[in-house]
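Everything in the sequence shown is counted per the working numbering, starting at 6 for the first residue and increasing by one. Don't be surprised by glycine CBs; every beta carbon is placed ideally from N, CA and C. Just so it is clear, the structure is predicted and the values come from calculations on it, not from any experiment.
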Amino acid sequence: MEHVSVLLNECIKYLNIKPDGVYVDGTLGMGGHSAAIAAKLTTGRLIGIDRDDRALAFAAERLAPYADRVTLRKGNFGDLGKIMESAGVAKADGLLFDLGVSSPQLDNAARGFSYMKDAPLDMRMDEQASLTAAEIVNRWSEAELRSIFWRYGEERYAGRIAAEIVSRREQEPIESTGQLVELIRHTMPAAALREKQHPAKRCFQALRIAVNDELGSLERMLEQAPDRLNPGGRLLVISFHSLEDRMVKEAIRQREAGCTCPKDFPVCTCGFVQTFRSVTRKPVSPSAQETEVNPRARSARLRIAERVET
């Protein structure tokens, strides 16, 4: 499937792009969002970040017409501040993060992200990183496996699946996505297999998050984002599952509400000051027209916050 940038028009609208502004696309991917941003810049600048070498190479070609205003960096968006500083930028007028896996990553069986194709259990966004899904499945303890399947995938049968993995790997290593899918199908009750959602979806999501420390990266980025935005600058985050969306929602809420200390406290100890205001009351969802063209966008949720004066 050709990669289609999710909520592209909505992102451009809510970024409120200034021709001379500074913007960061923290999850560059195939460069779709970045190309639309760069096209609106004149003397402004765009910093594109990704940890996938293949994505960076593809995006570099796509963004070549805007080379005079685009800087690409390999890295983890959890290191937002360091990466911006390495590019000579202290603050931006907009930060955009699309937390989904790109279609080329899903469709390239060798990457091991998809439960629809048999491939090595890999799932690394950065192919130079050492930790793979196979390492987790074959070496982590039953308790650790149960924990990530439950916490990161909200998998109801996390305990059963973790126990079955440990039992199977004592006989032979579990090295492919096909082996893992078959194991999950074998472990789940018949009623669960009749559900609309693929039985392996939640476990594969959990493994991908664990391999790439996605929630840790998201948490670090959300902590840094207010200090990396100019007043009036906007943070946009597209998430695809409830766990990520809750983290984004809560981070914005805390920074919108300001100090949470009891009123009788003589000094603030919570450390929260009002740095954000929500731009929309509810997250923005894809239109019916977009999901018809790109079914993978169906679960996307876009949250927008604006940096306020402090």
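| Asked | Found |
| --- | --- |
| Secondary structure of alanine 97, DSSP reduced to three states | strand |
| Isoleucine 257 - containing alpha helix (DSSP H), residue span | 247-262 |
| Classification of arginine 207 by the beta-carbon crowding that lies within 10 angstroms, buried from 16 upward | buried |
| Segment limits, beta strand (DSSP E) that includes alanine 43 | No beta strand (DSSP E) holds alanine 43; the alpha helix (DSSP H) holding it covers 37-43. |
| Residues of its chain near valine 284, where Cβ-Cβ distance is below 8 Å and the 5 sequence neighbours each way are ignored | Tyr19, Arg239, Ile309, Ala310, Glu311 |
| Cβ neighbour criterion (16 or more within 10 Å) applied to serine 10 | buried |
| Straight-line gap, asparagine 21 to leucine 104 (C-alpha atoms, nearest Å) | 21 Å |
| Three-state secondary structure (DSSP) of methionine 6 | In this prediction, methionine 6 has a pLDDT of 43, which is less than 50 and means its spatial position is unreliable; nothing more can be read from the coordinates. |
| Separation of threonine 274 from alanine 205, as counted between CA atoms | 44 Å |
| Aspartate 58, DSSP secondary structure in three states | helix |
| Where glutamate 200 sits in the DSSP three-state scheme | coil |
| Tyrosine 71 (DSSP reduced to helix, strand or coil) | helix |
| Distance, glutamate 219 Cα to leucine 126 Cα | 17 Å |
| Check whether glycine 36 and arginine 67 have beta carbons under 7 Å apart | yes |
| Cβ-Cβ distance between leucine 77 and isoleucine 243 below 7 Å | no |
| Candidates Pro288, Gly49, Glu147, Arg213: closest to threonine 137 by CA position | Arg213 |
| Exposure label - asparagine 299; buried when at least 16 CB within 10 Å | buried |
| Identified DSSP bridge partners for glycine 80 | Glycine 80 is not bridged to any residue. |
| Same chain only: Cβ atoms within 8 Å of glutamine 210, ignoring 5 sequence neighbours per side | Tyr157, Gly158, His246 |
| Tyrosine 162, DSSP secondary structure in three states | coil |
| Residues near methionine 6 in its chain [Cβ-Cβ closer than 7 Å; skip 5 each side] | Reliability of the predicted coordinates at methionine 6 is poor, the pLDDT of 43 falling under 50, and the value obtained from them is presented with this limitation in mind. Counting only Cβ-Cβ distances below 7 Å, and skipping sequence neighbours, we find Ser108, Asp112. |
| Buried versus exposed call for glutamine 133 [16 or more other C-beta atoms within 10 Å across all chains shown] | exposed |
| Selection from Ala64, Asp25, Thr47 that minimises the alpha carbon distance to serine 39 | Ala64 |
| N-terminal and C-terminal residue of the beta strand (DSSP E) that glycine 221 is part of | No beta strand (DSSP E) holds glycine 221; the alpha helix (DSSP H) holding it covers 219-229. |
| Sub-7 Å separation of aspartate 123 and valine 27 beta-carbons | no |
| Proximity of glycine 49 and leucine 33 at Cβ, strictly below 7 Å | no |
| Integer-rounded CB distance, given that valine 142 should sit under 8 Å from leucine 185 | 7 Å |
| Beta carbon of phenylalanine 118 nearer than 7 Å to that of methionine 128 | yes |
| Option in Cys264, Cys16, Ala148 with minimal Cα separation from aspartate 30 | Cys16 |
| Proline 267 versus lysine 287: straight-line alpha-carbon distance, rounded | 28 Å |
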